[in-house]
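Comments concern the structure below.
Numbering (the working numbering), first residue to last: 5 to 68.
Structure follows, in structure tokens:
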């Protein structure tokens, strides 16, 4: 089993400077790392599965 922290970042500035031939965009960014993180755990299995222990208080999706 492997457990890793996936740290958050805060984008202070984001500029789309071009579109690449593969459909992705080139970006210029100013960002700072935060001490906030998700804890990800991976373990070997025969089948692909995904589980989460995130509690979502209000599961309604509001559309504008």
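Even for Gly, the Cβ is constructed at its ideal location relative to N, Cα and C.
Worksheet entry | CA nearest to the CA of residue 56, picked from 45, 64, 49 and 62 | 45
Item to complete: Determine contact between the segment 14-25 and the segment 35-43, defined as no fewer than three beta-carbon pairs at a distance below 8 Å.
Response: yes
Practice prompt. Throw me the rounded Cβ distance for the residue 31 and residue 18 pair, which I believe falls under 8 Å.
Written response: 6 Å
Worksheet entry | Ranges of the beta strand (DSSP E) found wholly within the segment 19-57, counting only runs of at least 3 | 29-46
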